[in-house]
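Chains as they are written, first to last, in my numbering: chain A, 1062 to 1173; chain B, 700 to 814.
Think of the CB as a built atom: it goes at the ideal place given N, C-alpha and C, for glycine as much as any other residue.
All of these numbers come straight from a predicted model, not from anything done at the bench.
First comes the structure, then the notes that go with it.
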């Protein structure tokens, strides 16, 4: 089955700096890659996603890039703010079925 | 995105008792719902896929007789943790598929504590 690795596990950045989280996946047939933000005790919230026929997608301060050849995708957060502090999860969905496989998560701390 | 509710948000039960958690899709009919479990500081682990009108599909290692799933309608799926033990204490979250590319939207979660 699919295996998703996420790095780093923790990330501390100064407010205003950029944050980058990277994920790799194992199933070359995976075609959908969402990113979720989870605050303590809350539900994961979909913040951006990308399909396998697109190389990059941007939404205001967040962007996601996908390299299908290398089987990795990344989340970029620019001009970080304290409210960006949370745990971020990447995920991948294979071609068969609609199940998501999640990465291990990245705890992001934005220091004011 | 889809609007998903869960009830209860928190529950404390004694070891050996059963607990039922409800997941509702409030703004559309969901033929498929997913149940996840999340331990502290860990990722989301898929427990089972709940299909309306048919049996749930459980992930490897998840005991189907212990975690009973019923998806009797297009807006409601329930997870019953039977004979709960302290090691079942966790954050249980459901999700639904919605949208043109079947995005997953999560419920607010249920924190189960077994004493």
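Excluding five sequence positions before and after residue 766(B), the CB atoms of its chain that fall closer than 8 Å to its own CB belong to 734, 746, 747, 757, 778, 779, 780, 781, given in chain order.
Runs of the beta strand (DSSP E) lying entirely within the stretch 742-800 of chain B and spanning at least 3 residues, in chain order: 744-750, 766-772, 775-780, 789-797. Residue 1145(A) sits in a helix when the DSSP states are folded into three classes.
Separation of the CB atoms of residue 790(B) and residue 703(B) is rounded to 15 Å, and the pair is thereby denied contact status at 8 Å. Contact with chain B is found for residue 1095(A), since one of that chain's Cβ atoms lies less than 8 Å from the residue's Cβ.
In its chain, beyond the 5 residues on either side, 1096, 1097, 1098, 1123 have a beta carbon closer than 7 Å to the beta carbon of residue 1108(A). The Cβ atoms of residue 717(B) and residue 783(B) lie closer than 8 Å to each other. In chain order, 810 place their CB closer than 6 Å to the CB of residue 709(B), counting only its own chain and leaving out the 5 sequence neighbours on each side. For residue 1163(A), the enclosing beta strand (DSSP E) stretches over residues 1161-1163. Between residue 1065(A) and residue 1164(A), the C-beta gap is smaller than 8 Å, which places the two residues in contact. By the 16-neighbour rule on beta-carbons within 10 angstroms, residue 741(B) is exposed. Looking from the CA of residue 1169(A), the closest CA among 1094(A), 1128(A), 1143(A) belongs to 1143(A). Within chain B, no residue has its CB atom less than 9 Å from the CB of residue 1119(A), the nearest being about 17 Å off. With distances taken between CA atoms, residue 788(B) lies nearest to 712(B) out of 775(B), 712(B), 724(B).
Closest by C-alpha distance to residue 776(B), out of 807(B), 813(B), 795(B), 737(B), is 795(B). Residue 1079(A) sits away from residue 1167(A), with the two beta carbons spaced by 8 Å or more. Cβ-Cβ distances below 6 Å link residue 1153(A) to 1063, 1065, 1086, 1091, 1094, 1162 in the same chain, with the five nearest sequence neighbours on each side left out; the list follows chain order.
A check of alpha carbon separations from residue 1171(A) across 1129(A), 1102(A), 1067(A), 1146(A) identifies 1146(A) as the nearest.
Considering only 807(B), 751(B), 762(B), the residue with the shortest C-alpha distance to residue 729(B) is 751(B). Excluding the 5 residues flanking it on each side, residue 785(B) has same chain C-beta neighbours closer than 8 Å at 714, 813, 814, in chain order. Of the residues 1125(A), 1129(A), 1067(A), the one whose Cα lies closest to the Cα of residue 1136(A) is 1125(A).
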